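Student: One structure coming up, written as structure tokens, with questions to follow.
Chains as they are written, first to last, in the UniProt record's numbering: chain W, 1 to 195; chain D, 1 to 292.
Laid out in structure tokens, this is it:
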């Protein structure tokens, strides 16, 4: 979508900085880091898995994971997003969280309480949905689950539009931005991959 | 008013159930810095920490740090930490302690109690405002300069390394200059560098709200790093135009005095504390990556 397409919920200025500078810098720095190494030419997910090193992160991890996380984040939203999920996704949310509202609250709480920089996720593992929060660049791939949805709670994600009002940002994201279609497709892929 | 780092050790009491058999500690209640009791209109007694303003007007750091930044950073962020902290401690055992005591107690060897983030961030921010001044920057002098030259080779080398630490501190956190006096007998904390020489200046990076007080370092300077984009410019501006070397010098004097006092107090205090797994990211070498 165009950089201004998420307005008024996420401003063009935010996209210009967040995607155009922050995300770009992760990609540029990653390229420099892997140049000439055995990671060069490898897929992003491969690099992430190979540099996580059980939490004792190798230098390219932060840039690689952040590059991946941000791409995943942009694709987790759409203009005219929000509302409620449906179909299989809704059924599983109701099964694993009791109700959509309970899931909403749990996701909200995870995003609000991830102190400092990080992300909140809906993830799929062992045929179950769960909410996960991670610090800095960590993502569920390295924790053995399939990410389905994410919200970036690094301050740079919401500062221009919400300053320090992270709860307002989270609510806006859930109510107006999240792309349930993307989440549903990812769920299908995750189920297929695990069977 | 100068920020002093705590020198008291915490005695066994109901707050600290597990202290070990040979621990010799003394409880010293500090004058409660910033402690006030306010009786609200409804008659409910409220106690709590105050949001102390920076020691200069909010626009005094322009053009290097804008008034708008101070309005948000002090007026909203810092304020929120103090308010939330007060709500959290009201009516608990922590109510009435000094801020340093709350920070040290709630660090809980890295297994932080809920109040830690707010307490440490309140402490960190106050320390931060006092670390800068209008017309700051330049070079330190006296004892401070001497120690910097001794421990880093030269002032320029120190600046390079401090900046590199600040740029490579991924995510949210702080970069510090601290004075490390090698004492291991600190309740509820772990000295992460037992082998390092005594009494030297070190650069330390910490994540999120953590600060080196919890390892019994005397902090004398720090730099907040949460911003990502153009962080390098911010760091340069901080070093060249904002840092208050007078404040840093004063803190160093206090730190050295405390270290000397502790030495006098004795070699009869136990010192072996098995270090935890937790290791801070102490910046000792060249930066490996410049992230963002």
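For each residue, glycine too, the CB sits at the ideal point set by N, CA and C. Values in this document were obtained by computation on a predicted structure and should not be read as measured data.
What are the start and end residues of each continuous alpha helix (DSSP H) run of 4 or more residues lying completely inside the region 95 to 178 of chain W, in chain order?
Tutor: Fully enclosed alpha helix (DSSP H) runs of 4 or longer: 100 to 113, 155 to 162, 166 to 172.
Student: Tell me which residues of the region 63 to 93 of chain D have at least one Cβ-Cβ distance to chain W shorter than 8 Å, keeping chain order.
Tutor: Residues 72, 76, 77, 80.
Student: Which residues of chain W have a Cβ atom closer than 8 Å to the Cβ of residue 211 (chain D), listed in chain order?
Tutor: Ordered by position in chain W, no residue passes the 8 Å Cβ test against residue 211 (chain D), which lies about 13 Å from the chain.
Student: Near residue 173 (chain D), which residues of its chain fall below 7 Å by C-beta distance, leaving aside the five closest residues on each side in sequence?
Tutor: Excluding residues within five positions, the ones whose Cβ falls inside 7 Å are 205, 206, 207, 208, 225.
Student: Once the 5 residues before and after residue 189 (chain W) are set aside, which same chain residues still bring their CB inside 8 Å of it?
Tutor: Correct list, in chain order: 146.
Student: Looking at the unbroken alpha helix (DSSP H) that takes in residue 58 (chain W), where does it start and where does it end?
Tutor: Unbroken run through residue 58 (chain W): none, as it is neither H nor E.
Student: Is the CB-CB distance between residue 179 (chain W) and residue 78 (chain W) below 7 Å?
Tutor: It is a contact, given that the beta carbons lie within the stated cut-off.
Student: Can you look up residue 92 (chain D) in the DSSP assignment and give me helix, strand or coil?
Tutor: In this structure, residue 92 (chain D) counts as coil in the three-state DSSP scheme.
Student: Can you give the Cα-Cα distance for residue 58 (chain D) and residue 51 (chain D), rounded to whole angstroms?
Tutor: Whole-angstrom Cα-Cα distance: 14 Å.
Student: Among D:265, D:93, D:114, D:242, whose alpha-carbon lies nearest the alpha-carbon of residue 64 (chain D)?
Tutor: Comparing Cα positions, the closest option is D:242.
Student: By the DSSP assignment, the beta strand (DSSP E) with residue 147 (chain D) in it spans what residues?
Tutor: Here residue 147 (chain D) belongs to no beta strand (DSSP E); instead the alpha helix (DSSP H) covers 142 to 152.
Student: Give the range of the beta strand (DSSP E) segment to which residue 115 (chain D) is assigned.
Tutor: Looking at the DSSP string, residue 115 (chain D) is not in any beta strand (DSSP E), and its letter there is neither H nor E.
Student: Just tell me which of W:143, W:55, W:137 has its CA closest to the CA of residue 313 (chain D).
Tutor: Summary: the structure shown does not reach residue 313 (chain D), with chain D confined to residues 1 through 292, and so no result is reported for it.
Student: Between the region 99 to 114 of chain W and the region 16 to 36 of chain W, do at least 3 Cβ pairs fall closer than 8 Å?
Tutor: Touching, no, given that fewer than three Cβ pairs across the two stretches are closer than 8 Å.
Student: Check whether the Cβ atoms of residue 81 (chain D) and residue 108 (chain D) lie closer than 7 Å to each other.
Tutor: Against a cut-off of 7 Å, the Cβ pair of residue 108 (chain D) and residue 81 (chain D) comes out as no contact.
Student: Would you check if the region 65 to 82 of chain W and the region 165 to 176 of chain W touch, i.e. whether three or more CB-CB distances between them fall below 8 Å?
Tutor: A contact exists between the region 165 to 176 of chain W and the region 65 to 82 of chain W.
Student: Say whether chain D places a C-beta atom closer than 7 Å to the C-beta of residue 49 (chain W).
Tutor: False, the Cβ-Cβ gap to chain D never drops below 7 Å.
Student: Determine the direct distance from the alpha carbon of residue 70 (chain W) to that of residue 188 (chain D), and round the result to whole angstroms.
Tutor: Per-residue confidence for residue 188 (chain D) stands at a pLDDT of 30, beneath the threshold of 50, marking its modelled position as unreliable; no derived number is given.
Student: So does the region 62 to 69 of chain W actually touch the region 35 to 50 of chain W, counting three or more Cβ pairs closer than 8 Å?
Tutor: Yes, they touch.
Student: Nearest to residue 76 (chain D) by alpha carbon, out of W:172, W:195, W:163, W:167?
Tutor: Ranking the options by Cα distance to residue 76 (chain D), first place goes to W:163.
Student: Can you tell me whether residue 234 (chain D) is helix, strand or coil according to DSSP?
Tutor: Three-state DSSP puts residue 234 (chain D) in a helix.
Student: Out of W:122, W:14, W:187, W:129, point me to the one whose CA is closest to residue 139 (chain W)'s CA.
Tutor: Answer by Cα proximity: W:122.
Student: Can you find a CB in chain D that lies within less than 7 Å of the CB of residue 5 (chain W)?
Tutor: So no, residue 5 (chain W) is outside the interface.
Student: DSSP state of residue 185 (chain W), grouped into three classes?
Tutor: Of the three classes helix, strand and coil, the one that applies to residue 185 (chain W) here is helix, per DSSP.
Student: Under 8 Å between beta-carbons, which chain D residues line up against residue 164 (chain W)? List them in chain order, please.
Tutor: By Cβ distance, chain D contributes 72, 76, 77, 80.
Student: What residue range does the beta strand (DSSP E) around residue 174 (chain D) cover?
Tutor: Its beta strand (DSSP E) spans residues 173 to 180.
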